[in-house]
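What follows is a single structure, written as structure tokens, with notes after it.
Number of protein chains: 2
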Amino acid sequence: MTAFRVSVHITPRRGILDPQGKAVEGALHSLGFAGVKEVHVGRYIVVETDAETQNAAEAEVKAMCERLLANPVIEDFEIESVAAR
Amino acid sequence: MTAFRVSVHITPRRGILDPQGKAVEGALHSLGFAGVKEVHVGRYIVVETDAETQNAAEAEVKAMCERLLANPVIEDFEIESVAAR
């Protein structure tokens, strides 16, 4: 078994309302950041897990996203990186 | 002016209690993911902004993090990528 560090991006699906992103966008405009066109707010999750291989670690974290970490109705997830520790 | 897409990771500082991460860790164990050693939950923010250069876009988003997006007392931020659109 090797320890892997897997990081995941979970983002609101395209076309789904992102009220948090809109709120941040408004706040940035109020602070004077006039160039801001759009903001999306998602989650960044880092999981440290033991697995036999890098592929196994990635598959396991994918299963975690599907079962717990992401809401597939409104969110997309993407494994950003998988690294042995 | 060019449109840039800048993405940022905001994570709880090392050594600061991460109750959300601990809760997710416990839930993953309950679901049978026994290999999970540690989980950290942060935010992933994508800002689309107009700027003269890539460096200017990065500096602007860094200022946004310092003034609004991250809480410097308990969070670290890191510019993940800056890309022209």
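Chains A and B, in that order, are what the protein sequence lines are. So the first sequence is residues 1 to 85, counted in the numbering used here. So the second sequence is residues 1 to 85, counted in the numbering used here. Note that beta-carbon positions come from the ideal geometry of N, C-alpha and C, so glycine has one too.
Interface partners of residue i on chain A, CB under 7 Å
i	result
leucine 31 (chain B)	Arg67, Leu68
glutamate 38 (chain B)	Glu48
Where residue i meets chain B, residues with beta-carbon distance less than 9 Å
i	result
valine 82 (chain A)	Here the premise fails: no neighbours, minimum Cβ distance about 14 Å.
threonine 11 (chain A)	Tyr44, Val46
Beta carbon of residue i nearer than 9 Å to that of residue j
i	j	result
tyrosine 44 (chain A)	isoleucine 16 (chain B)	no
valine 6 (chain B)	glutamate 25 (chain B)	no
proline 19 (chain B)	glutamate 75 (chain B)	no
alanine 84 (chain B)	alanine 27 (chain B)	no
threonine 49 (chain B)	glycine 21 (chain A)	no
Nearest-angstrom Cα separation, counted from residue j out to residue i
i	j	result
glutamate 87 (chain A)	leucine 31 (chain A)	Outside the shown range of chain A (1 to 85) lies residue 87 (chain A), about which nothing can therefore be said.
methionine 1 (chain A)	leucine 69 (chain A)	24 Å
Neighbouring residues, chain B, relative to residue i (Cβ below 7 Å)
i	result
leucine 28 (chain A)	Met64, Leu68
alanine 59 (chain A)	Near alanine 59 (chain A) there are no residues of chain B at all, since even the closest Cβ is about 12 Å away, more than 7 Å.
Neighbour list for residue i in chain B, Cβ cutoff strictly below 8 Å
i	result
isoleucine 16 (chain A)	By Cβ distance, chain B contributes nothing, its closest Cβ being about 14 Å from isoleucine 16 (chain A), past 8 Å.
alanine 3 (chain A)	Lys37
Per-residue contacts from residue i into chain A (C-beta, under 8 Å)
i	result
threonine 53 (chain B)	Those do not exist, as threonine 53 (chain B) stays about 12 Å from chain A at its closest Cβ, beyond 8 Å.
| field | Secondary structure, beta strand (DSSP E): runs of 3+ residues fully inside the segment 26–62 of chain B | value | For the segment 26–62 of chain B, the full-length beta strand (DSSP E) segments reaching 3 residues or more read 36–51 along the chain.
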